[in-house]
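For reference, the structure is listed below as structure tokens.
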Amino acid sequence: MERCAHVREENDEIIYLGGDEPASRGNASATCIITGCNIGDMETLSPEGLRLDGRRWNELRCFTSRISLLPDADGSSYIEHGNTKILCAVRGPREPLQRGTAHPEKTIITVDLSVPAFSTTDRKKRSRTDKRLQEWSTLIEDVFSDAVLVSLTPRSEISVSLQVLSQDGGMLADCVNAVTLAIVDAGIPISNYICACTAGLYDNEPLLDLNNMEENDMAYCTVATQGATEDVALLQMETRLHLDKFESMLSVAIAGCGQIKEMMDETVRKTSKAYLDRLEEQKQ
């Protein structure tokens, strides 16, 4: 078996993170070069405290977001979190497409989550009847039905469309974040940002913001909070874990939600400022 080395690019320089022998310069966009070795045999967390992608235990993946992308939607957003990419469109409040579903006292929120085959490494297509997608759609509907001021627009519907363009961990969390930005972009009244992040537990050590490889290797949870507070709006976990170990993982996830909130808020501020600047130019 050939030797392997882990490297990270910083300012066009190769940073050697450990391994048997340094690797030569490769593609500048690569974050890890692995040659001829089994991923399953590699340590998720090295003795130096580094993960496979070069992050520390409490570091987020690269997070970028944009809003006001789709002219045919009332609100839209795009999130790129590591290699996970989500596009969201929000339409409404409007008259429900099916009149029988209208509620006399509040707005109904519907979520359509689509995961095409090209977004996954295994190239398996998930239909809208997929059990997990239906569960996640329901979770998102419930979370935002509590956060959005639905009583202000009764007998109406808010339609949310989510398209997963690429997935590499944290898909549910990034869907929640994308919906938040799209709702804010649409000008729909909402009590607070709903910010989500993942955290896992590896060898009794909490890790923040897992990628797909890490999610398959350890117990983890998805947490959404109201803004930068510790008020949990969503908590989803599919593995069994002792309560004492869960508390440390939860606190790390909540801290990550606070960091996500700051970056989402910065996106909204920059877009709003650019819009106001254009209005001022038109007045002149």
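Reading the sequence shown from the start, the letters are residues 1 to 284 in full-length UniProt numbering.
All C-beta atoms in this analysis are idealised placements derived from N, C-alpha and C, irrespective of residue type, glycine included.
Neighbourhood of residue i by C-beta distance below 8 angstroms, restricted to the same chain and skipping five residues each side
{"i": "Gly187", "result": "Asp74, Gly75"}
{"i": "Asp41", "result": "Low local confidence applies: a pLDDT of 49 at Asp41 is under 50, so the model's placement there is unreliable, with the coordinate-based value given in what follows. Here the set comprises nothing."}
{"i": "Leu139", "result": "Leu172, Leu234, Gln236"}
{"i": "Ser156", "result": "Gly92, Pro93, Arg94, Glu95, Pro96, Ala102, Thr107, Ile108"}
{"i": "Leu69", "result": "Ser76, Ser77, Tyr78, Leu87"}
When the options are compared against residue i, the one with the closest alpha-carbon
{"i": "Ile183", "options": "Leu152, Asp174, Val148, Asn212", "result": "Val148"}
{"i": "Asn58", "options": "Ser65, Leu45, Ile67, Leu69", "result": "Leu45"}
{"i": "Phe63", "options": "Gly256, Ser119, Ser251, Leu241", "result": "Gly256"}
{"i": "Thr229", "options": "Ser159, Glu262, Met213, Gly170", "result": "Glu262"}
{"i": "Thr239", "options": "Asp231, Ile254, Gly258, Glu215", "result": "Glu215"}
{"i": "Thr198", "options": "Met218, Gly170, Ser145", "result": "Gly170"}
{"i": "Asp53", "options": "Thr222, Leu207, Val160", "result": "Leu207"}
{"i": "Tyr202", "options": "Asp217, Asn212, Phe118", "result": "Asp217"}
{"i": "Val232", "options": "Asn211, Gly100, Tyr193", "result": "Tyr193"}
Helix, strand or coil at residue i according to DSSP, with G and I counted as helix
{"i": "Ser68", "result": "coil"}
{"i": "Ile188", "result": "coil"}
{"i": "Ser46", "result": "coil"}
{"i": "Gln226", "result": "strand"}
{"i": "Glu215", "result": "helix"}
{"i": "residue 306", "result": "What is shown of the chain runs 1 to 284, which leaves residue 306 out entirely."}
{"i": "Arg61", "result": "coil"}
{"i": "Thr180", "result": "helix"}
{"i": "His6", "result": "Because the pLDDT of His6 is 40, which lies under 50, any placement of that residue in the model is unreliable, and the number read from its coordinates should be weighed accordingly. His6: strand per DSSP, three-state reduction."}
{"i": "Leu97", "result": "coil"}
Close-in-space but distant-in-sequence residues of the same chain around residue i (CB under 7 angstroms, 5 per side omitted)
{"i": "Glu247", "result": "none"}
{"i": "Asn177", "result": "Ile79, Cys195, Ala196, Ile260, Met264"}
{"i": "Asn204", "result": "Lys245"}
{"i": "Asn83", "result": "Ser166, Asp168"}
Other residues of its chain near residue i: CB distance less than 6 angstroms, five sequence neighbours each side excluded
{"i": "Leu162", "result": "Cys88, Leu113, Cys175"}
{"i": "Leu276", "result": "none"}
Host beta strand (DSSP E) of residue i (start-end)
{"i": "Cys88", "result": "84 to 94"}
{"i": "Ser156", "result": "156 to 166"}
{"i": "Pro116", "result": "Where Pro116 is concerned, there is no enclosing beta strand (DSSP E), given that its DSSP letter is neither H nor E."}
{"i": "His81", "result": "75 to 81"}
{"i": "Glu205", "result": "205 to 208"}
First and last residue of the uninterrupted alpha helix (DSSP H) at residue i
{"i": "Tyr193", "result": "Note, Tyr193: premise wrong, no alpha helix (DSSP H); not H, not E."}
{"i": "Asp244", "result": "243 to 283"}
{"i": "Leu139", "result": "131 to 147"}
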